[in-house]
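Worksheet: one structure, shown below.
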Amino acid sequence: MTNNKYVLNWIEEMAALTNPDRIVWIDGSEEQTEALRKEAISTGELFKLDQEKLPNCYLHRTAINDVARVEHRTFICTSKKEDAGNINNWMAPDECYAKLGKLFKNSMKGQTMYVIPYSMGIVGSEFAKTGIELTDSIYVVLNMLIMTRAGKEVIDALDENDSGFVKGLHARADLDEENRYICHFPEDNTIWSVNSGYGGNVLLGKKCFALRIASYLGRQEGWMAEHMLILGIENPQGEVKYITAAFPSACGKTNLAMLIPPEGFRAKGYKVWCVGDDIAWIRVGQDGRLWAMNPENGFFGVAPGTNVKSNPNALATTMRDTIFTNVVHNLETNTVWWEGLDKNPPKNALNWKGEKWDCESGEKGAHPNSRFTASAVNCPCISPEFNNPQGVPISAIVFGGRRAKTAPLVYQSRDWNNGVFVGSIMASETTAAASGAVGVVRRDPMAMLPFAGYDMGDYFAHWIEMGKKIENKPKIFNVNWFRTDDEGHFIWPGFGENLRVLLWILDRCEDKAGAVETAIGYLPRPEDINTEGLDISRETMAGLLEVDKEIWREETKGIREFYAKVGDRVPAELYAELEKLENNLK
Ligand code: OXD
Ligand code: MN
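Each residue of the sequence shown is one higher than the last, beginning at 1 in our numbering.
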């Protein structure tokens, strides 16, 4: 497939370590892909679903001890511990290679090693990057073929003398939880993942490369890899403006990325276009603006809760060419189901573990982290710019979290550094849906807590530095769709209605909307947000936009504690912003 000796030598070395019976290059052809599906079906790794109702759709079940990302087993292996920082787990590279080397040794004996050349971004574009994943799992191959641009064209586009590709090695080995490791060697462009078969740990192009390794590269090369969706809003005049947004998990990120405007706005001609639902690679364009591109080619979305109301576009996307993982198998119709899809759980069905499932038992049928892997091109609202190698110009950056009382529905930061501060203090409160205590504040700066491939303080400093290079800076905002009343009910209707807030944001970017200055930044007045057709009183809007100084004074204490935990590389600019906030709250 290639004469690139860096590629060939590395594969030879990894094959000597893992000892597969054969090595197969993935070319991306339909013939090879179909042969792999057939093989996976024959071994029970995949189940073919009803091909009339769900063409080219399959079901997979992971091991029951292997259903989510394992942050406590995820390591950043830089030669100096301080470069990985206080937030990441760290292991010395030599120690890690030696430790995992033992786990990889002969792990592919009797099996095939698949070589997947893949591109994050449009193949051959100056902003794309190449990776090669070696894996013993057909499930990984088939998922990578959806989530990335993979196959022969990628290796053909790699220069013979290019050694800068990301080297990913994955083996399921024994799926032993105690020996599960997801390790990153940013100084070597290398990722090693062993003893897992769950997507987030093994689809190495996603979190491992496109966030952890890429954030490290971005800092060196002067760009940013962010855990952000990208969406375009088209107004009735046909102009499209783009927003990127970062949210911690369980805040409806994929739903926002594929938002359907409320009826009245649709009638006027508003449209929302999805460019990406999870990751944005962002750089300064020649025009002095920030440009964002989605390095992925598909969606690895959470299934439970996806339904015709919450996200009709995602649901439509999964109707073909999709791999479902750990959802309910409806045996009557040979289709799939998950909690929150509809009110008709199947009577004759298997749960995510493959056991007979009684929908009246009160036990969940789908795993709460069950997933769909679906092709971006099948999304009804995929942006016409999705395949533009330049990406799209960004008007606004939005941060958000799940806060019952603290953060108002929306506010605008004062300037770039203040906006970086707003991103750095991002947090979510735990919900009853997650295990553990309810209402505990978890800090998750820029939603990057488990994804920054280097010290978090340095990461903040990189944001500050980037600001100096952007002539036409996007404005930075914070949203909170999750304010609750005293009975714990959500006040803001959310879903498609969130467009109303995004429109205020875009208007602010063009100085077309009003705001008042408060202790935390600029807030809309109730009348600044278009609530036409919405059953929400002015008082309720005023409540959603309230900033309680007492709660915020408490908040600043939590921020100080968090900064102390991040360590001594938190830039002075952010401490200055924190002091300003403390003074404003006096
Ligand atoms: C994801 C995540 O799966 O952020 O996208 O955990
Ligand atoms: Mn994510």
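All C-beta atoms, glycine included, are put in the ideal place defined by N, C-alpha and C.
Smallest Cα separation from residue i: which of the options?
i, options, result
"lysine 38", "Asp21, Cys57, Pro20", "Cys57"
"arginine 525", "Ile505, Asp535, Ala68, Glu510", "Ile505"
"tyrosine 118", "His184, Lys557, Ile155, Glu177", "Ile155"
"alanine 461", "Arg483, Gly521, Leu574, Ala366", "Leu574"
"arginine 172", "Lys268, Asp159, Val141", "Val141"
"aspartate 486", "Glu497, Ala576, Asn472, Thr540", "Thr540"
"threonine 318", "Lys53, Asp535, Tyr563", "Lys53"
"isoleucine 213", "His184, Val410, Asp535, Met1", "His184"
"alanine 576", "Phe421, Asn387, Leu290, Val272", "Phe421"
"glutamate 13", "Phe104, Leu46, Ala68, Arg69", "Phe104"
"glutamate 263", "Asn498, Asp511, Ile26", "Asn498"
"tryptophan 291", "Glu187, Trp357, Ile397, Val570", "Ile397"
"leucine 17", "Ile41, Lys109, Val392, Ala40", "Lys109"
"lysine 81", "Asn3, Ile138, Pro186", "Pro186"
"asparagine 334", "Glu31, Leu59, Gly28", "Leu59"
"glutamine 390", "Trp463, Ala280, Asn480", "Ala280"
"glutamate 355", "Lys468, Glu95, Leu581, Asn326", "Asn326"
"glutamate 471", "Gly269, Asp287, Lys268, Lys271", "Asp287"
Here's the rule I'm using: 16 or more other beta-carbon atoms within 10 Å means buried, otherwise exposed. How should residue i be labelled?
i, result
"phenylalanine 490", "exposed"
"proline 236", "exposed"
"asparagine 297", "buried"
"glutamine 412", "buried"
"methionine 120", "buried"
"valine 516", "exposed"
"aspartate 278", "buried"
"asparagine 106", "exposed"
"glutamate 178", "exposed"
"threonine 406", "buried"
"threonine 43", "exposed"
"proline 93", "buried"
"valine 275", "buried"
"alanine 572", "exposed"
"serine 79", "exposed"
"isoleucine 282", "buried"
"glutamate 133", "buried"
"lysine 241", "buried"
"glycine 85", "buried"
"valine 440", "exposed"
"arginine 538", "exposed"
"valine 7", "buried"
"isoleucine 382", "buried"
"alanine 349", "buried"
"lysine 475", "buried"
"isoleucine 260", "buried"
If you follow the alpha helix (DSSP H) that residue i is part of, which residue opens it and which one closes it?
i, result
"alanine 16", "5-18"
"leucine 341", "From DSSP, leucine 341 is part of no alpha helix (DSSP H); its letter is neither H nor E."
"leucine 534", "Neither: leucine 534 is in no alpha helix (DSSP H) and is coded neither H nor E."
"tryptophan 504", "498-509"
"threonine 33", "30-43"
"valine 141", "138-147"
"phenylalanine 265", "263-268"
Kindly indicate the opening and closing residues of the beta strand (DSSP E) around residue i.
i, result
"valine 240", "240-246"
"methionine 224", "224-226"
"isoleucine 213", "Unbroken run through isoleucine 213: none, as it is neither H nor E."
"leucine 59", "58-60"
"arginine 569", "Arginine 569 -> no beta strand (DSSP E), and no H or E assigned at all."
"alanine 396", "392-400"
"alanine 171", "166-171"
"threonine 190", "190-194"
Confirm the yes/no value for this check: CB of residue i, any heavy atom of ligand 3, distance under 6 Å.
i, result
"aspartate 444", "Among the ligands modelled here, namely ligand 1 and ligand 2, ligand 3 does not occur."
If residue i and residue j are in contact, beta carbons under 8 Å, what's the gap, nearest whole angstrom?
i, j, result
"valine 202", "histidine 170", "5 Å"
"threonine 130", "leucine 175", "Incorrect: roughly 29 Å between the Cβ atoms, too far for contact."
"methionine 224", "methionine 466", "6 Å"
"valine 24", "valine 115", "7 Å"
"glycine 197", "lysine 206", "In fact, because the Cβ distance is near 15 Å, the residues do not count as touching under 8 Å."
"alanine 447", "phenylalanine 247", "6 Å"
"phenylalanine 209", "glycine 301", "Actually they do not touch by this definition, with Cβ atoms about 19 Å apart."
"tyrosine 216", "glycine 453", "4 Å"
"leucine 204", "glycine 168", "4 Å"
"leucine 569", "glycine 400", "The sequence shown places arginine at residue 569, rather than the leucine named in the question. Wrong, their Cβ atoms sit about 25 Å apart, outside the cutoff."
"arginine 289", "proline 393", "5 Å"
"glutamate 153", "glycine 28", "7 Å"
Inside the stretch 293-381 only - beta strand (DSSP E) runs reaching at least 3 residues = 298-302, 323-325, 328-330, 335-337, 371-375
Which whole runs of the alpha helix (DSSP H) in the stretch 89-136 are 4 residues long or more, in chain order?
-> 93-104
Contiguous beta strand (DSSP E) assignments of at least 3 residues, all confined to the stretch 429-495 = 441-443, 475-479
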